[in-house]
Amino acid sequence: MIKRTHTCGELTKKNLKEEISLNGWISKSRDLGGLIFIDLRDRYGVTQIVFNEKLNKKEFEIAKKLGLEDVIGVNGQVISRPSEAINSKMVTGEIDVNVNKLCVYNESDNPPFDINDRFSASEEHRLRYRYLELRTKELQSNILIRDKALLATRKYFSKNNFIEIETPILMKSTPEGARDFLVPSRIHSGKFYALPQSPQTYKQLLMVSGFDKYFQIVKCFRDEDFRSDRQPEFTQIDIEMSFVDQDDITDMGTHFIQTLWKEILDVDLPDKFTILTYKEAMNTYGSDKPDLRFDMQLMNLKKYVINSDFDTFKNIINSDGLVKAVKVNNADGYSRKTIDELTKWLKDQYSVKGLAFFKCIDGEKLEGGISKFFNENIQSRMINDLGIKSGDIVFVIGDKPKIVLSALGALRLKIAHRENLVDENKWSPLWVVDFPLFDWNEDHKRWDSLHHPFTSPNFDDIKKLDDNPGDVRSLGYDIVMNGYEIGGGSIRIHNKDLQSKIFNLLNINDKEANEKFGFLMNAFKYGAPPHGGMAFGFDRLIMLLIGSKKIRDVIAFPKTTSAMSLMDDSPSKVDKKQLSELSLLLKEKNEKNV
RNA sequence: GGGGUGGUAGUUCAACUGGUUAGAGCACCUGCCUGUCACGCAGGAAGUUGCGGGUUCGAUCCCCGUCCAUCCCGCCA
């Protein structure tokens, strides 16, 4: 083997005449007859090496047979290029390496796609050959940034006196929250471990143990359906602290994100992040993770609707519904056809009954759509109050509050992207606080935790727990960046009686609570400090930092949206023997729906 | 679980309203070429049109089913 003296990204004119050695992959080759140029690549860069028939016939003949992605080592002399052949686009563009000795370590089959052009192949194809895709410039850079962020994270928490503690990967399954990935136990036949959805209970126990500042960079697993920003296994920065209140944790979270953005991007985020209550976020933006890079707030049309002639909307208002709207400054961009498409999308995806609209052409009165239901007086009040200008179109949805807010929230985003209202260079972090503690589950006619069952109610609302659980705010908080939820957490319950009361409200009786969370409840008998914490979605942070919308861009070996790994073809079948050891029997496929 | 888009040469794409021998770029192979860096020139090989069925004289194209990818809704304490 020829051991390298340099990497492929560092040789310059300073090294002229030096005898050096390089190792790398053949990224490109140009055979000019008696002269062969090869771009030799490693993760540091590219250096052009030259084989000259007249100077070194033997190595030249071997070089003639080299193909793309062969791995070689070369020994040679750094020479300067003729001035007309200098490549100013390359760091190493002023020199060549004139090869004396060539060693071929591994010849590559014809590569399934062009490593120099990541998008020369479909994503499916690239995922099959992920180890090759990881050779591309983009992914090398993404993985490097991920590494930098991991280091910056450990540095930050360590500096602030947090200690990293590992928690089990095989743990107890709890039916709360997301679906668990289960691991059958061989020794205890018929019993299962679960992979952690998060180390939630462990970190609370660590607080009881007195590790008052804990963090961990940890894999979590949730067996649900996936999206461009969600994978079955993902990495969290998990944090828990004792003797703190909500502000202590959000301050810490703010400072951590500021540090990360500064270290990775050299960007100064605001001193204080915007804080919105859940209600404000929902009512103003139709989302609990609003993208604040653009304004376009939802407008309430209630007071105009009740004085209009539009019975449908009036009835909605009278039966506790909502009528809200968004305003767009481009009426011309919304033809009948476009509006129909938007309507179909909202009907299909967000179960609205319709999308109403009106336009304003001359700045004085409303036209088209549902404008005829509003008399001149109301029209001019709306134009005035809502700042409607000529050329505006206003989209209106009336329905149950949940439907109106989620549909308009989605429409707001869709239109913003259509109209290029999103400043891609902007960072808009915010905290969303005062989440409701419970969410009414219509299917099961019961209250569910919105966050998780250990979340503390807001102390001011504890008296409402019995009569009006839907109105109880939690001490839960989410941190949002550019429309992505990048983290969240809560102050936890550290009192056995309050915890037991919450379990009861969640329809978990004492026996059940004891079976599922008895260990935690027991721990709370022995001096549990007030505590709280949060977790950041590490993959999403990296996604934002590299400017991608796909979580697969920041994970070395990601899964597809159907949770498969195309490269190693997992999940896969296992031997009957393995199943038998685990006391497992598989159902026939046609029994699937039994 | 539901909806949208896509699957054609190694790869990225094309192929009119269902019609004759399914084309092109890159990669690959052969030959030529001493300053290329998207090298150039000449030639060549390369196809189960995802899979299964149906309609038709005839299917890459239409229909049904299925698999895979991707985006979204539900879901994700």
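My numbering runs 756 ahead of the 1-based position in the first sequence. The beta-carbon is built from N, C-alpha and C at its ideal position, and this holds for glycine as well.
Query	Result
Helix, strand or coil for Tyr885? Go by DSSP, reduced to three states.	coil
Can you list, in chain order, the residues of its chain with a C-beta nearer than 8 Å to that of Phe999? Leave out the 5 residues immediately preceding and following it.	Asp968, Pro1285, Pro1286 and His1287
Closest by CA to Glu1052, which one among Tyr1041, Lys1045 and Lys1315?	The identity of residue 1052 in the sequence shown is Met, whereas the question assumes Glu. Of the listed residues, the one whose Cα sits closest to Met1052 is Tyr1041.
Comparing C-alpha positions only, which one of Phe1012, Gly801 and Lys1156 sits nearest to Lys893?	Gly801
Does the distance between the C-beta of Gly780 and the nearest non-hydrogen atom of the ligand ATP fall short of 6 Å?	Among the components modelled here there is no ligand, and therefore nothing to report on the ligand ATP.
Provide the residue(s) that pair with Tyr1240 in DSSP beta bridges, ordered along the chain.	Met1237
What are the start and end residues of each continuous beta strand (DSSP E) run of 3 or more residues lying completely inside the segment 1170–1206, in chain order?	1185–1189, 1194–1197 and 1202–1205
My understanding is that Asp1141 touches Ala1087, with C-beta atoms under 8 Å, so please give their C-beta distance in whole angstroms.	Actually they do not touch by this definition, with Cβ atoms about 19 Å apart.
Can the beta-carbon of Leu767 be found less than 7 Å from the beta-carbon of Thr848?	yes
In its own chain, which residues sit with a C-beta less than 6 Å from the C-beta of Asn1214, not counting the 5 before and 5 after it?	Arg1229 and Leu1231
Buried or exposed, going by whether 16 or more other CB atoms sit within 10 Å of the CB of Trp1196?	exposed
Please state if the CB of Lys1333 and the CB of Pro988 are separated by a distance shorter than 7 Å.	no
Which residues in the same chain as Val1061 place their Cβ atom closer than 7 Å to its Cβ, once the five residues preceding and following it in sequence are excluded?	Phe1069, Lys1070, Ile1073 and Val1079
Three-state secondary structure (DSSP) at Tyr1060?	helix
Hey, quick one: how far does the beta strand (DSSP E) through Thr1030 stretch, first residue to last?	Thr1030 to Thr1033
At 4 residues or longer, what runs of the alpha helix (DSSP H) sit wholly inside the segment 893–976?	893–915 and 956–964
Taking the runs of the beta strand (DSSP E) that are 3 residues or longer, which of them lie wholly in the segment 1231–1313?	1232–1237, 1240–1247 and 1287–1293
Below 8 Å, how does it come out for the segment 1209–1226 and the segment 1257–1268: are there three or more Cβ pairs, yes or no?	yes
Go ahead and label Met1290 buried or exposed: buried means 16 or more other beta carbons lie within 10 angstroms of its beta carbon, across all protein chains shown.	buried
How about Asp798 and Thr763: are their beta carbons less than 7 Å apart?	yes
For the 8 Å Cβ check, are there 3 or more pairs between the segment 1030–1050 and the segment 1157–1171?	yes
Would you tell me roughly how many angstroms separate the C-alpha atoms of Pro867 and Leu824, rounded to the nearest one?	7 Å
Using CA coordinates, which residue listed in Ile1020, Leu1021 and Asp994 is at the minimum distance from Met1008?	Asp994
Going by alpha carbons, who is nearest to Lys1121 out of Lys1145, Gly1110 and Lys1109?	Lys1145
If the criterion is Cβ atoms closer than 7 Å, does the pair Ala950 and Ser965 meet it?	no
So, helix, strand or coil for Glu880, using DSSP?	helix
Buried or exposed: which applies to Met757, given that a residue is buried once 16 or more other Cβ atoms fall within 10 Å of its Cβ?	exposed
Roughly how many angstroms separate the alpha carbons of Asn1251 and Ala1269, rounded to a whole number?	14 Å
If you run the structure through DSSP and keep just helix, strand and coil, what is Lys821?	coil
In whole angstroms, what is the alpha-carbon distance linking Leu811 and Lys769?	22 Å
Roughly how many angstroms separate the alpha carbons of Leu1032 and Asp1216, rounded to a whole number?	18 Å
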